[in-house]
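In this note's numbering, the protein residues as written are 8 to 265. A quick write-up on the structure given underneath.
Structure, rendered in structure tokens:
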């Protein structure tokens with residue numbers, strides 16, 4: 008894709024790594040974590056389409072859905088086994104890659120994976136229904152606020168006007184991920200898939216995250232062969248931004264396992 012903004016934090020050339028950010032975020036979120044890792048890995052990332060400095064997402068009538076498109080972009084950056092890190096939506100993309108190509112992954116760190124199909128949740132269903140209703144009424148700003156009230160790290164009314172406007176533009180992109188996240192259109196959870204991921208996996212959650220995250224992590228941990236779990240006290244869903252020291256430390260622990 009042209010207009011894709013790439014990011015790179017140089018480190019050990021023999022330890023390539025790829026980090027995938029959340030929806031409504033950007034690859035810049037990994038900067039503090041990369042600095043805390045102090046060059047242990049040669050970390051790369053990118054701003055997903057419609058995020059950060061990348062061009063807007065332009066779906067094609069016969070083209071891939073957003074989750075598939077991002078997965079293809081990420082997979083194209085892998086030319087040898089690497090350490091794969093993902094947060095939220097990015098964690099579901101990372102897991103999809105690991106299931107499809109286990110040999111490409113040296114270690115896998117999943118922070119707050121939002122693969123709702125692994126643990127259907129009435130509260131998330133209610134949020135999705137409310138967002139859909141607001142979007143049908145053209146109230147994108149209120150839909151964005153409803154989403155951030157559960158999955159964000161700050162009051163949207165306190166966001167800078169430019170950041171708020173960008174998130175309003177992105178909310179329909181978020182709402183369009185339902186097939187992948189709620190219905191597992193990518194078949195990440197297919198029989199025998201998770202069981203083939205033999206790299207060490209670390210599942211990270213914030214202690215104050217929505218309850219569904221714990222259910223998702225329970226479901227994934229029950230099927231992955233080599234898995235560890237960690238909970239960050241005082242953190243919510245946006246732990247990568249709010250608690251970079253703890254997240255970097257946990258990534259380092261998983262790097263040591265590979």
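Note that the Cβ used here is the ideal one computed from N, Cα and C, for glycine as well.
Rounded to the nearest whole angstrom, the CA to CA distance from residue 151 to residue 161 is 12 Å. Straight through space, the alpha carbons of residue 205 and residue 68 are spaced by roughly 37 Å. Out of 194, 65, 100 and 260, the CA that lies nearest to the CA of residue 82 is found in 100. Boundaries for residue 104: no beta strand (DSSP E) harbours it, while the alpha helix (DSSP H) harbouring it runs 96-107, taken from the DSSP string. When the alpha-carbon of residue 212 is set against those of 10, 116 and 44, the nearest one is in 116. Under the three-state reduction of DSSP output, residue 251 falls in the helix class. Between residue 15 and residue 51, the beta carbon gap of about 5 Å places them in contact (Cβ cut-off 8 Å). If you draw a straight line from the Cα of residue 132 to the Cα of residue 30, it is about 18 Å long. Taking the CA atoms as reference points, residue 155 sits about 36 Å from residue 87. Taking a C-beta distance under 9 Å as the contact criterion, residue 122 and residue 25 do not qualify as a contact pair. In the DSSP assignment, residue 93 forms a beta bridge with 27 and 117. DSSP links residue 50 through a beta bridge to 16 and 24.
Cβ neighbours of residue 264 within its own chain (closer than 6 Å, five residues either side excluded): 207. Distances from the alpha-carbon of residue 143 to those of 178, 245, 129 and 127 put 178 closest. In the structure shown, residue 177 adopts helical secondary structure according to DSSP, grouped into three states.
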